[in-house]
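Enquirer: Residues in the sequence shown are numbered from 0 upward in steps of one, following numbering that gives the first Met the number 0.
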Amino acid sequence: MRRLLVGAVVTVSLALSGCGGGGGGDDAPSVKNTAEGFWSGTSSAGYNVDLAILENGETWGVYASGSTIFGALQGTASGSGSSFNANGTDYNFTSGTATAGSITGTVTEKSSIRGTSSLGPSVSLTYQSTYDRPASLSELAGTYSFIGRSARASLLPATVAINANGAFSLIQSGCTSNGSFSPRPSGKNIFDVSVSFSGPTCALGNGSSAKGIAYLDTTTRPFRLSALALRDDRNDGLIVLGTKR
């Protein structure tokens, strides 16, 4: 996501199994979630961390060092007043492991999150105010450079064009990817993403599809795009981090 990009889009498979979540317009909880938003910061393990906590508590994240993605996070998170709690799975790409864990700590609404993971590291995150801007297809439209990887393979560097309706199509080394972005009903700077794959070399498998979320950082020039998605069977997924050309 925003701090993980060094002039490129990175597409990374999450190797996710059996976790909840996914893009879509789930109903928001009736109690205010003070942790809702897009957050960036660091962990005591030395990683940059980006975390999207949606209006329904659904949570997606990624951690990296420099331009190298080391893992992903997916689960749920909530803020009740100043109390912060998150539960989910840490998908470590280096070790190839998926470990359930939790984070507890404090949150200051639209300001900061401080927490300690049950797996050891602590995190310090700052709110990104661009979350409060409505997702804009006109701002999203354009061509993005990208590199990528999955749990099983790396993707070749290339470019992908997103049209004014949020649709895109990419043919690369025997794999065709067709998908679309659409603003979430929440009115925040989060898109729902869906993509289908066909071809023998597709990282997520021939005939597979995935759904997730995307965030467009308009505070940088050029704009930077971040997306995370799960395959429909929850056994694999994507992270997309990008730079607009």
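Ideal Cβ placement from N, Cα and C applies to all residues, glycine included.
#1: In chain order, what residues of the same chain have a beta carbon less than 7 Å from the beta carbon of Thr93, not counting five sequence neighbours either side?
#2: By DSSP, does Thr67 sit in helix, in strand, or in coil?
#3: What are the boundary residues of the alpha helix (DSSP H) that includes Ser137?
#4: Just to confirm the assignment, what range does the beta strand (DSSP E) spanning Cys174 have?
#5: Using 10 angstroms around the beta-carbon of Val30, count the other beta-carbons present and answer buried if the total reaches 16, otherwise exposed.
#6: Identify every residue that forms a DSSP beta bridge with Gln73.
#7: So, Ser77 versus Gly56, is the Cβ gap smaller than 9 Å?
#8: Would you kindly check if the distance between the Cβ of Gly119 and the Cβ of Ala44 is under 9 Å?
#9: I'd like the span of the beta strand (DSSP E) that includes Ala166, first residue to last.
#10: I'd like to check one pair, Ser193 with Cys201: are the Cβ atoms closer than 9 Å?
#11: Within 10 angstroms of its Cβ, does Arg230 collect 16 or more other Cβ (buried), or is it exposed?
#12: Can you name the start and end residues of the beta strand (DSSP E) that Phe222 belongs to?
#13: Which two residues bound the contiguous beta strand (DSSP E) that contains Thr129?
#14: In terms of DSSP beta bridges, what is Leu237 paired with?
Expert: So, from the listed chains and residues:
#1: Counting from one through the sequence shown, the residue named residue 93 turns up at place 94. Within the same chain, Thr93 has close Cβ partners Phe69.
#2: Along the sequence shown, one-based indexing puts residue 67 at 68. Residue state, collapsed to three classes: strand.
#3: Locating residue 137 in the sequence shown gives position 138, counting from the first residue. Leu136 to Leu139 is the span of the alpha helix (DSSP H), which, as asked, contains Ser137.
#4: Translated into the one-based positions of the sequence shown, residue 174 becomes position 175. Run containing Cys174: Cys174 to Pro182, per the beta strand (DSSP E) assignment.
#5: Here the question's residue 30 lines up with position 31 in the sequence shown. Val30 is exposed by the Cβ-count criterion.
#6: If you number the sequence shown from 1, residue 73 lands on position 74. Trp59 and Thr88, per the DSSP bridge assignment.
#7: In the sequence shown, the residue the question calls residue 77 occupies position 78. In the sequence shown, the residue the question calls residue 56 occupies position 57. Against a cut-off of 9 Å, the Cβ pair of Gly56 and Ser77 comes out as a contact.
#8: By 1-based counting over the sequence shown, the position of residue 44 is 45. By 1-based counting over the sequence shown, the position of residue 119 is 120. In contact: Ala44 and Gly119 (Cβ atoms closer than 9 Å).
#9: Position 167 of the sequence shown, counted from the first residue, corresponds to residue 166. Segment Ala166 to Gln171, the beta strand (DSSP E) holding Ala166.
#10: Numbered from its first residue, the sequence shown carries residue 201 at position 202. Numbered from its first residue, the sequence shown carries residue 193 at position 194. Contact: no.
#11: Numbered from 1 along the sequence shown, position 231 holds the residue referred to as residue 230. Result: buried.
#12: On the sequence shown, residue 222 is found 223 positions in, with the first residue counted as 1. Neither: Phe222 is in no beta strand (DSSP E) and is coded neither H nor E.
#13: Working through the sequence shown from its first residue, we reach residue 129 at position 130. Here Thr129 belongs to no beta strand (DSSP E), and DSSP marks it neither H nor E.
#14: Walking along the sequence shown from the start, residue 237 turns up at place 238. Looking at the DSSP assignment, Leu237 forms a beta bridge with Ala228.
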